[in-house]
Structures are given as structure tokens and as C-alpha cells.
Amino acid sequence: MGKLKIDVVIVPLSGHLYPTMNLLMPLLKNPRYDIRLFTGQQKRAVAEAAGFKVVTILEGHEADFERVANNKEQLGLFSAYRQLSASLDIINLVSDQLLSEWEVNRPDLVIADFITLSGGLVAEQMGIPWITTMATQFAIETTGGPPCFFGGMGSPKNRNQLIQQWLGRKMTRFLKYSATFLLRNRLKRYGFKMYNHKGQESIYSPYSILGIGMKELEIKKGFPEHYHWVGPSGASAERGEDYPLDLSSFANHKKVLVTCGTQLDWAKDNLIYQTKLLAKSHPECQFFVTLGLGGQAFQCQKLMDNVSVVSYLPYKEYIPQMDYVIHHGGAGIFYQCIIHSKLALILPHDYDQYDYAIRGLEAGVALTAKREEDKAIGKAFETLLAKKDWSELKALSHAAKSYHPTEVVEGEIARLLADKEKKQ
């Protein structure tokens with residue numbers, strides 16, 4: 006029997022690429038698999054350094070992609086629609102490349118990130134089994150619990166909140182139907198329908214979905230039967246030695262990592278401003294603000310005696326060396342804090358970050374505050390420093406390490422290919 010050809014399709018965004026890369030890296034050592042990674046030139050070097058064979062997508066359109074991916078302000082309803090509309094041009098470019106490639110070199114299986122729609126759409130058109138990897142574990146619609154992207158709804162506490170969440174789920178479906186209708190001419194090539202015969206979203210695989218996160222933290226209910234939890238795997242893929250920050254001279258300080266990830270350029274000035282305010286009140290703490298500029302030469306600038314701004318720090322290498330973390334609520338940093346048992350203050354900005362913030366708060370592993378409210382941030386940080394009992398964090402840190410992602414992935418690959426053989 007020849008090697009199983011698996012093509013992986015992911016946009017070149019760290020928060021989407023790295024979780025799936027980390028999930029699949031153990032498979033690179035298995036001679037049974039021939040894995041190719043389709044992603045942008047921006048991430049080619051880091052992916053190849055991790056051992057992947059890379060096929061670049063969107064060559065010559067890198068600036069177009071960056072313009073669509075990196076919004077200049079927090080998204081609202083209409084700006085989100087404009088972003089989606091612009092994304093369709095990118096999706097169709099990638100789809101054209103995949104169709105051309107797979108007609109000549111057809112894979113046995115496709116794995117696609119949950120926002121990299123081209124991979125699944127083209128695989129479905131060509132009758133290739135495919136798996137969705139979901140770095141935002143709760144992005145999918147479910148039959149119960151709080152809908153996401155509504156500012157961080159938590160577990161319902163009363164009948165009114167149950168009704169509110171039911172309405173939110175209905176509103177989510179209405180907005181998706183509306184967007185699909187408005188974009189119907191540009192989606193016609195795929196024969197696209199927003200929901201399949203089971204009432205489930207067709208942008209995700211109807212065969213297998215891998216939730217890159219922890220079931221123990223989830224407050225949604227009613228996930229599809231083919232949704233499988235694989236645990237967190239969102240660590241950065243860059244090498245720590247390429248970003249040399251010497252922390253040895255700060256042994257007598259409480260070290261605080263501050264970040265808003267790699268996409269929120271519009272938020273970084275406020276992040277630095279809030280850090281300066283905290284630094285003035287807490288000379289015993291040393292703050293390190295990372296700007297999320299991976300792939301560039303490492304730079305470190307001293308803003309105050311106890312505030313340094315660095316171009317980039319790989320979370321996996323540096324979070325274990327920190328005492329506290331202030332972050333935006335991205336999936337990667339959220340779970341790295343849990344894995345390494347680091348206390349966190351979450352200042353959500355956009356996207357799914359409000360939903361991660363409420364999950365962290367309810368689970369007892371983080372505090373949260375509004376990103377521009379100086380007094381609230383200061384008070385929350387004081388509470389963070391004073392809190393002694395973080396038993397929930399320790400328990401979830403232990404649980405995070407109990408998952409067996411490689412077994413789940415290989416099991417799903419085998420199941421889908423076996424199902425395909427039965428149908429032939």
C-alpha cells in the first residue's frame with residue numbers, strides 16, 4: 006500500500022496556522038503519510054523549519070490578503086460583512102489553485118482550517134474526504150448554550166438569559182442566511198448552501214471536525230456528533246533562539262508578559278499606554294510588551310525602567326518564564342497560560358476574544374476588564390497579584406496535558422478513508 010496523501014490548507018495567520026501545524030507535526034515522522042501544507046509565502050520559512058513540505062498559495066496577492074485579514078478597527082456588523090465580501094476574492098483565488106493542483110495530484114484526504122474555506126469547498130466538489138480543524142473551539146453553531154461573537158455571553162443564569170441566548174442563536178442563523186443570499190452570485194460556482202440536510206453549517210466538514218481546545222472549558226452545548234476534542238495545540242512555531250530576550254537580570258521582579266497577538270495593529274498603542282500606567286503603580290513588576298511581529302529581526306526597546314517593548318516573543322518559550330500574563334483573549338495565548346499555569350488578565354478586543362474571556366472568568370483561570378478602562382484594568386491587576394488560590398488553574402493545566410491528539414487525528418483519518426472505501 007502506498008503512502009496516504011494528505012493536503013493541509015490554512016491561511017498564513019499564526020492563530021490559525023500554528024494550532025493545526027502543531028496538531029499534525031507528530032504525523033510528519035510517520036512514513037505512512039505524505040503531507041503537504043498549502044499556506045502563504047509569509048509562513049513558508051517557519052513551516053518548512055517545522056518539517057512540512059510547503060506549497061505556497063496567493064503568490065503575488067500577499068498584500069491583498071494582509072489588507073483583508075488585518076482590519077484597522079474593531080469589527081462591527083457592516084465592517085464584518087465588507088471583510089467577508091473581500092475575503093471571497095481571496096477564497097476564489099485559492100480555490101482556483103487547489104482545483105488546478107488536485108486535478109493533477111489528487112490527495113486522499115484534505116485537512117482545512119475552519120476559516121480557510123477553499124480547502125473544504127473544493128474537496129467537497131471533488132469528492133475528497135476532508136476534516137475541519139477548529140482553532141476557535143466554539144465558533145461552530147450548536148443547539149444549546151450561548152452563541153459566540155455577541156460580546157461574550159456566559160452560562161445562562163435565569164430564564165431571561167436563556168431566551169436571550171435562544172434569540173442570539175436565531176439571529177446568528179439569520180445573519181448567515183442573509184450574507185449567503187447577498188453573496189449568492191459569487192458563491193454559485195460551489196453550489197453552496199449555508200446549511201446541510203442536518204441543519205449543520207456546510208462550511209465545516211460533514212465528516213469530521215477537530216476542536217483544538219478543551220471540553221472542560223466549554224459552555225456551549227449540542228455540538229455535532231462528528232465533533233472531536235483534541236486538546237489545545239496553539240503554541241507558536243518560531244524558535245526561541247531567534248528572539249533572544251535575557252530575563253536573568255529580573256529574577257527579583259514579578260515578570261509580566263503583555264500581548265494583543267499578531268493581528269490587532271490598531272490596538273497596540275492603547276496596550277502600551279495601559280502597560281505604562283500599570284508600570285507606574287507597580288515598580289516591583291517588570292513588563293514585557295510583545296508587538297507580535299514574528300518573522301522579523303528581533304528588537305527590544307526600553308520605554309521605562311520596568312517596561313520593555315519587543316518585536317516578538319514565542320509564547321511556548323517565554324510564557325513559562327513569566328509570572329503573569331496580560332493578553333487579548335486569543336486562543337493560542339489563552340491555552341498557553343493554562344498549560345503553563347500562568348495567571349492571566351484578559352482585555353478582549355475583537356473576534357472571539359470576548360468569548361474566551363468569559364470562559365476564562367467562569368473557569369476561574371483568568372480575570373477580565375474592558376481594554377480602555379484604566380481604573381478597571383488597574384483594579385483587576387491588583388486582584389490578580391493578590392489572589393492566592395488558583396486551584397482551578399492547576400486542575401485545568403493538568404487536564405490540558407491529558408489529551409491524546411495524535412491518536413484522535415490518526416483515528417479520524419483512518420475512519421474517513423475506510424468510509425470512502427466502503428462507498429466505492
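Residue numbers for the sequence shown, in the working numbering: 6 to 429.
Ideal placement from N, C-alpha and C gives every residue a C-beta, glycine not left out.
Since the structure is predicted, the reported quantities are computational estimates derived from the model, not experimental observations.
- One Cα belongs to Pro152, the other to Asp328, and the distance between them is close to 33 Å.
- According to the DSSP secondary-structure assignment, Ala68 is paired through a beta bridge with no residue.
- Here DSSP, grouped into helix, strand and coil, assigns Ile224 to coil.
- The shortest C-alpha to C-alpha distance from Tyr320 to any of Thr185, Gly56, Ala256 and Ala242 is the one to Ala242.
- In this structure, DSSP gives Met219 a state outside helix and strand, which the three-state scheme calls coil.
- Distances from the alpha-carbon of Asp113 to those of Arg41, Gln170, Val312 and Gln279 put Arg41 closest.
- With contacts defined as CB atoms closer than 8 Å, Tyr323 and Phe303 fail to qualify as a contacting pair.
- Between Leu348 and the set Glu67, Leu32, Gly365 and Phe57, the nearest pair of CA atoms involves Gly365.
- Within the DSSP secondary-structure output, Tyr232 pairs in a beta bridge with Ile214.
- Spatial neighbours of Leu9 in its own chain (CB-CB distance under 8 Å, excluding positions within 5 residues in sequence) are listed in chain order as Arg37, Tyr38, Asp39, Asp113, Leu114, Ile418 and Leu422.
- Rounded to the nearest whole angstrom, the CA to CA distance from Asp101 to Ile120 is 17 Å.
- Taking all protein chains shown into account, Pro288 has fewer than 16 neighbouring C-beta atoms within 10 Å of its C-beta and is therefore exposed.
- Counting only residues of its own chain and dropping the five nearest sequence neighbours on each side, Pro17 has a CB closer than 6 Å to the CB of Thr44, Gly45, Gln47 and Lys48.
- In the DSSP assignment, Lys281 falls within the unbroken alpha helix (DSSP H) covering Lys273 to Ser286.
- In the structure shown, Ile351 falls within a strand segment according to DSSP collapsed to helix, strand and coil.
- Within the DSSP bridge table, the entry for Arg41 names Asp12 and Lys58 as partners.
- DSSP places Ile116 inside the beta strand (DSSP E), whose first and last residues are Leu114 to Asp118.
- Distance from the CA atom of Glu223 to the CA atom of Trp135, rounded to whole angstroms, is 25 Å.
- A Cβ-Cβ separation of about 12 Å leaves Ile338 out of contact with Leu352 under the 8 Å criterion.
- Judged by DSSP in its simplified three-state form, Ile331 adopts strand.
- Ranking Pro211, Gly383, Glu412 and Ile11 by CA distance to the CA of Lys281 puts Gly383 first.
- Between Asp360 and Gly149, the alpha-carbon positions lie close to 15 Å from each other.
- For Lys427, the uninterrupted alpha helix (DSSP H) segment begins and ends at Pro410 to Lys428.
- In the structure shown, Thr147 adopts coil according to DSSP, grouped into three states.
- Where Ala371 is concerned, the enclosing beta strand (DSSP E) starts and stops at Ala371 to Thr373.
- A check of alpha carbon separations from Glu71 across Ser19, Trp107, Leu32 and Leu104 identifies Ser19 as the nearest.
- Rounded to the nearest angstrom, the Cβ distance from Gly335 to Ala362 is 11 Å, too far for a contact under 8 Å.
- A distance of 8 Å or more separates the beta carbons of Gly173 and Val14.
- The straight-line gap separating the alpha-carbon atoms of Lys259 and Asn311 is approximately 10 Å.
- Beta-bridge partners of Thr137 (DSSP): Ala117 and Ile214.
- Excluding five sequence positions before and after Lys399, the CB atoms of its chain that fall closer than 7 Å to its own CB belong to Ser346, given in chain order.
- In summary, Ala50 is exposed, with fewer than 16 beta-carbon neighbours lying within 10 Å of its beta-carbon over all protein chains present.
- Straight-line measurement puts the Cα of Trp395 at about 7 Å from the Cα of Gly369.
- For Glu206, the pairing in a beta bridge is given by DSSP as Tyr200.
- A residue is called buried when at least 16 other Cβ atoms come within 10 angstroms of its Cβ; His409 does not meet this threshold and is exposed.
- By the neighbour-count criterion, in which a residue is buried when 16 or more other Cβ atoms sit within 10 angstroms of its Cβ, Lys393 is exposed.
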